[in-house]
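There are 2 protein chains.
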Amino acid sequence: QQSRISCCEVLSVAETSKTLLSQNLLPAMDSDAKTMTFLQEVVDILLAYIVESFDRDTKVIDFHYPNELLQMNNWELQGEPASLDDILISCRATLKYAIKTAHPRYFNQLSTGLDMVGLAADWLTSTANTNMFTYEVAPVFVLLEYVTLKKMREIIGWPDGRGDGIFSPGGAISNMYAMLLARFKMFPEVKEKGMSSVPRLVAFTSEHSHFSIKKGAAALGIGTESVICIKDVLFVLLQGFVPFFVSATAGTTVYGAFDPLIAISDICKKYNIWMHVDGAWGGSLLMSRRHRWKLDGVERANSVTWNPHKMMSVPLQCSALLVREEGLMQNCNQMHACYLFQQDKHYDLSYDTGDKALQCGRHVDIFKLWLMWRAKGTIGFEAQIDKCLELSEYLYNKIKDREGYEMVFDGKPQHTNVCFWYLPPGIRHMEDKEERKKHLHKVAPVIKARMMEYGTTMVSYQPQGDKVNFFRMVISNPAATFQDIDFLIEEIERLGLDL
Amino acid sequence: QQSRISCCEVLSVAETSKTLLSQNLLPAMDSDAKTMTFLQEVVDILLAYIVESFDRDTKVIDFHYPNELLQMNNWELQGEPASLDDILISCRATLKYAIKTAHPRYFNQLSTGLDMVGLAADWLTSTANTNMFTYEVAPVFVLLEYVTLKKMREIIGWPDGRGDGIFSPGGAISNMYAMLLARFKMFPEVKEKGMSSVPRLVAFTSEHSHFSIKKGAAALGIGTESVICIKDVLFVLLQGFVPFFVSATAGTTVYGAFDPLIAISDICKKYNIWMHVDGAWGGSLLMSRRHRWKLDGVERANSVTWNPHKMMSVPLQCSALLVREEGLMQNCNQMHACYLFQQDKHYDLSYDTGDKALQCGRHVDIFKLWLMWRAKGTIGFEAQIDKCLELSEYLYNKIKDREGYEMVFDGKPQHTNVCFWYLPPGIRHMEDKEERKKHLHKVAPVIKARMMEYGTTMVSYQPQGDKVNFFRMVISNPAATFQDIDFLIEEIERLGLDL
Chain L
582 QQSRISCCEV LSVAETSKTL LSQNLLPAMD SDAKTMTFLQ EVVDILLAYI
632 VESFDRDTKV IDFHYPNELL QMNNWELQGE PASLDDILIS CRATLKYAIK
682 TAHPRYFNQL STGLDMVGLA ADWLTSTANT NMFTYEVAPV FVLLEYVTLK
732 KMREIIGWPD GRGDGIFSPG GAISNMYAML LARFKMFPEV KEKGMSSVPR
782 LVAFTSEHSH FSIKKGAAAL GIGTESVICI KDVLFVLLQG FVPFFVSATA
832 GTTVYGAFDP LIAISDICKK YNIWMHVDGA WGGSLLMSRR HRWKLDGVER
882 ANSVTWNPHK MMSVPLQCSA LLVREEGLMQ NCNQMHACYL FQQDKHYDLS
932 YDTGDKALQC GRHVDIFKLW LMWRAKGTIG FEAQIDKCLE LSEYLYNKIK
982 DREGYEMVFD GKPQHTNVCF WYLPPGIRHM EDKEERKKHL HKVAPVIKAR
1032 MMEYGTTMVS YQPQGDKVNF FRMVISNPAA TFQDIDFLIE EIERLGLDL
Chain R
582 QQSRISCCEV LSVAETSKTL LSQNLLPAMD SDAKTMTFLQ EVVDILLAYI
632 VESFDRDTKV IDFHYPNELL QMNNWELQGE PASLDDILIS CRATLKYAIK
682 TAHPRYFNQL STGLDMVGLA ADWLTSTANT NMFTYEVAPV FVLLEYVTLK
732 KMREIIGWPD GRGDGIFSPG GAISNMYAML LARFKMFPEV KEKGMSSVPR
782 LVAFTSEHSH FSIKKGAAAL GIGTESVICI KDVLFVLLQG FVPFFVSATA
832 GTTVYGAFDP LIAISDICKK YNIWMHVDGA WGGSLLMSRR HRWKLDGVER
882 ANSVTWNPHK MMSVPLQCSA LLVREEGLMQ NCNQMHACYL FQQDKHYDLS
932 YDTGDKALQC GRHVDIFKLW LMWRAKGTIG FEAQIDKCLE LSEYLYNKIK
982 DREGYEMVFD GKPQHTNVCF WYLPPGIRHM EDKEERKKHL HKVAPVIKAR
1032 MMEYGTTMVS YQPQGDKVNF FRMVISNPAA TFQDIDFLIE EIERLGLDL
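Keeping their order, the protein sequence lines are chains L and R.
Read in the numbering used here, the first sequence has 661 at position 80, and its numbers run on one by one without any break.
Read in the numbering used here, the second sequence has 649 at position 68, and its numbers run on one by one without any break.
Below, the structure written as structure tokens:
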């Protein structure tokens, strides 16, 4: 009898590990405990990963080339189910080879860092698993979007926070929405009749504006050739084109430059052109009393893109389009789908926001921003943003006269973008300017590849116009410190010494 | 001395609760334990919510009108930070008033239910907090997208799973991408020169197609008037318009009807028109050996929209666009942003997928689908889908001849959509047909409002064409059982008895 009992025990152990399948979890009968155990095991993996991510002794990335990575694990999808144990192994493997975006030395993108309250909010959002199209299925989230958009419009400076807006899947879509609204505002017949009913349109944008402006123009049937550098308004008018849209940039992607919004708004007013401000990157500076002057004039815009998932460290994705005129978004995009936006519902239909967007289903992106705002207060966001700008000024001051460095543009950066060349000793004194340039072009890519192979830090580089590859350092990660900036410089010098 | 110690103890208790702020969490110094405690407290709230959500004794929704809900909590954003305790209270309040989308009696949308492995995967995705645009920042997720899209193309029936594709923020955007590709394929100059360089285009779609086809046409500068019911191809050709796009629907939103794909593909071939299949709702039937015949001919399509977040119960959002021709997406949408898609990177650049989309940043939607697929196997998805169709057949058989019910369309539903009128006893025998219709129109909205007020179940209703409001029951929730269908019928009769 003794042996029978132990046999049962073994089976029971086996059942709670190797042989347990996803079909044994909720909604299966009597699966509450098993479900809690499984989810808790996943959470334990995540908590360990989070703590590790903030540890400077951990690599930012355990890099492998795509073909290697494909072979390092069995990623293929099968006909048969895997055990929950295998699922936990997959979770660990996925995180092992992921980028630690929370790492204090991860500077690669405009979106870096991991906010703990934002993360908690995102976990809650996943658990609520609903859709923003109607109040009916997302009552709280729809209200929080309403409250937050109003607050953002107040910060822009529109009277009483009046206006409209929506959270969309990223800045590129927000910018495209703005262009769509501008066209509809000037030529509402375009919705039914298409571009053949309107004159030849042109849009204007800054020299270093984001590529999404051209992508939007291509998609909307306007064409990329009709997107023109901002200084040529008059020229275009003379040619008989109709300018309908100006996208001024508040914080360009590479240089972090701010267009002069007041001057641009004067031109827009004069020629009756829709003024959009692409503040995907720089919009968050509106939260800072010290830096918001860089966006002076934003209150004159017709629409503003502002991505809290960048400088405010809200988890991806979180991008808002704010619009000054009420009702325009609805008129522009609505198709009155009868199965979603029934007109005889028992509540106030103005909260059914789905028809304002091109999307039908829409992911809940609001809760993480709202909960973080609550947890930090406006002053907390301000402190975080000010600190990142301080760090970038520190970096700028440190390298601007340092041997082996050249700055890409003159003067103090307006945002946290610090663009620079690092010249290894071997090319510092090359006489042949062309030869030197050719060498210099290869330096940043090699240093970057080495950074990734060592896994110590990550920072972006690119060429721009006639400028060969340079580093674009950006700081949006609240975990970064002055010591991390020092480390970055030492690391670049260490990895580039022999080049 | 005794009193001093207890004073300290009180302070220490206070510090771990009321006075603790988000700035005391990571990346703050010595904050690992505090961070783990806070996140674990949030997880405990979520785990309790999950177990409750599957409990039939719990309400699907604790409904309040928008103005009431605005006043039930302090949702306003403040300048000053709130304590972490207050943040936990906000989490609880948010869930209290949320829809329990996992509830076995939540039938309101095409996306219902909550999969435990999918949820775990979404929590991991939030924790990894990265962006799909390059391999560099999302190595594993980019590979998993590659593996999964290939598998989906194999299931569609394209040789060796060849082709292209991307996960996009919902079916409406996937459909718009398809339209964009079709236009670019026929007139590549439209990208640079806009619609003024091409002839008048028309698109065709099914009578009951999704409204996103018209939204896409409006956005792309084609115009909604150029979207035409599918049977009129010849008529349009005679008028000198150029047909460039047919969107056949595999599973319409309201009726769940499937267009005859083979017949449509013959027309598309004959007139050289891009054939798109909008399988946002019905595409998942490809996973079922019993039901995939409804999509026979899908392998002849040029592109297919397929939303695993609907019938496969993947958490929102998860929508794929599959494209037969390789390279076209890249050519159509790329703008070569130098700061993202550097051409001198040290790895295979074909894994930098960002330039295929209109989005720049792109949320990681792949991991939850991949992990669920691994956990269930293809056969697990098949079983889940077959079960939902069985439940809907059960409902259909139960009510088709039942007193007080009328079916909206003839014959067995092709998908899980069962559309019906419930006639309360009082109007069943009304002689005046118009009067009866007028009364009937008001029945579904009232029953629905009562369902929400009692919180017992949720199901959608709408009018369509000349048909007055009817219920559209859909089943995509794997937690639903035959007893839940019985309950729904009893509940409709209970709530509608006096109408």
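C-beta: ideal position from N, C-alpha, C; glycine also.
- Message: At a CB distance below 9 Å, what residues from the segment 701 to 713 of chain L approach chain R? Give them in sequence order.
- Response: Ala701, Ala702, Asp703, Trp704, Leu705, Thr706, Ser707, Thr708, Ala709, Asn710, Thr711 and Asn712
- Are the C-beta of histidine 1020/L and some C-beta of chain R separated by less than 8 Å? no
- Message: Taking 8 Å as the threshold (beta carbon to beta carbon), is tryptophan 954/L in contact with chain R?
- Response: yes
- From the DSSP output, read off the bridge partner residues of histidine 857/R. Ser828/R and Ser884/R
- Is the beta carbon of glycine 1077/R sitting closer than 8 Å to the one on proline 1026/R? no
- Task: Please classify asparagine 655/L: does DSSP put it in a helix, a strand, or coil?
- Result: coil
- Query: The beta strand (DSSP E) with alanine 709/L in it runs from where to where?
  - Reply: Where alanine 709/L is concerned, there is no enclosing beta strand (DSSP E), although the alpha helix (DSSP H) it sits in stretches over 697 to 709.
- Task: Return the first residue and the last residue of the alpha helix (DSSP H) that glycine 746/L is part of.
- Result: Taken as a continuous stretch (DSSP letters only), glycine 746/L belongs to no alpha helix (DSSP H), being part of the beta strand (DSSP E) at 745 to 749.
- Query: Can we say the segment 826 to 834 of chain L touches the segment 859 to 874 of chain L, given the rule of at least three CB pairs closer than 8 Å?
  - Reply: yes
- Query: Using 8 Å as the Cβ pair cut-off and three pairs as the minimum, do the segment 772 to 789 of chain R and the segment 941 to 953 of chain R touch?
  - Reply: no
- Mark serine 707/L as exposed unless 16 or more other C-beta atoms lie within 10 angstroms of its C-beta, in which case mark it buried. buried
- With 9 Å as the limit, tell me which residues of the segment 872 to 883 of chain L have their beta carbon closer than that to any beta carbon of chain R; keep them in chain order. none
- In the DSSP assignment, find the beta strand (DSSP E) that holds glutamine 1043/L and state where it starts and stops. 1039 to 1045
- Can at least three beta-carbon pairs, one atom from the segment 995 to 1002 of chain L and one from the segment 894 to 908 of chain L, be found at a separation below 8 Å? no
- Query: In the DSSP assignment, what residue or residues form a beta bridge with phenylalanine 1051/R?
  - Reply: Gln1043/R
- Message: Is arginine 943/R close to chain L? Criterion is C-beta to C-beta, closer than 8 Å.
- Response: yes
- Item | phenylalanine 826/R versus proline 1044/R: straight-line alpha-carbon distance, rounded | 28 Å
- Message: Between threonine 675/R and chain L, is the shortest Cβ-Cβ distance under 8 Å, so that the two count as touching?
- Response: yes
- For threonine 786/R, the three-state DSSP class (helix, strand or coil): strand
- Mind checking if threonine 886/L is an interface residue toward chain C, Cβ cutoff 8 Å exclusive? Given the protein chain composition of this structure (L and R), no chain C is represented.
- Which value, in whole angstroms, describes the spacing of the CA atoms of histidine 1020/L and glutamate 1034/L? 21 Å
- Message: Less than 7 Å between C-beta atoms, sequence neighbours within five positions excluded: which residues of the same chain meet that for phenylalanine 644/R?
- Response: Met1033, Glu1034 and Gly1036
- Message: Can you list, in chain order, the residues of its chain with a C-beta nearer than 7 Å to that of leucine 921/L? Leave out the 5 residues immediately preceding and following it.
- Response: Phe714, Thr715 and Gly935
- Grab the span of the beta strand (DSSP E) containing valine 1024/L for me, first residue to last. Note, valine 1024/L: premise wrong, no beta strand (DSSP E); alpha helix (DSSP H) at 1014 to 1035.
- Task: Scan the segment 902 to 936 of chain L and note each continuous alpha helix (DSSP H) run of 4 residues or more that stays entirely inside, going in chain order.
- Result: 909 to 914
- Query: For aspartate 877/R, which residues of its own chain have a beta-carbon under 8 Å away from its beta-carbon, when the five flanking residues on both sides are left out?
  - Reply: Leu842 and Ile843
- Exposed or buried, what is methionine 610/L when buried is set at 16 or more other beta-carbons lying within 10 Å of its beta-carbon? exposed
- Message: Relative to the C-alpha of phenylalanine 768/L, which candidate in Asp840/L, Asn756/L and Pro824/L has its C-alpha closest?
- Response: Pro824/L
- Item | Buried or exposed by the 16-neighbour rule on C-beta atoms within 10 Å, applied to lysine 993/L | exposed
- Task: Return the CA-CA distance between aspartate 925/L and asparagine 712/L, expressed in angstroms with no decimal places.
- Result: 21 Å
- Task: Can you have a look at glutamine 820/R and say buried or exposed, based on whether 16 or more other CB atoms are within 10 angstroms of its CB?
- Result: exposed
- Cα-Cα separation between valine 885/L and tyrosine 975/R, rounded to whole angstroms: 51 Å
- Task: Check whether the Cβ of glycine 1036/R lies closer than 8 Å to any Cβ atom in chain L.
- Result: no
- Thinking just about the alpha-carbon of each residue, which of Ile1008/L, Leu650/L, Thr959/L and Glu1015/L is nearest to the one in lysine 732/L? Thr959/L
- Query: So, does the CB of histidine 927/R fall closer than 8 Å to a CB anywhere in chain L?
  - Reply: yes
- Task: Keeping to the same chain, check which residues put their C-beta closer than 7 Å to that of glycine 804/R; ignore five residues upstream and five downstream.
- Result: Ala798
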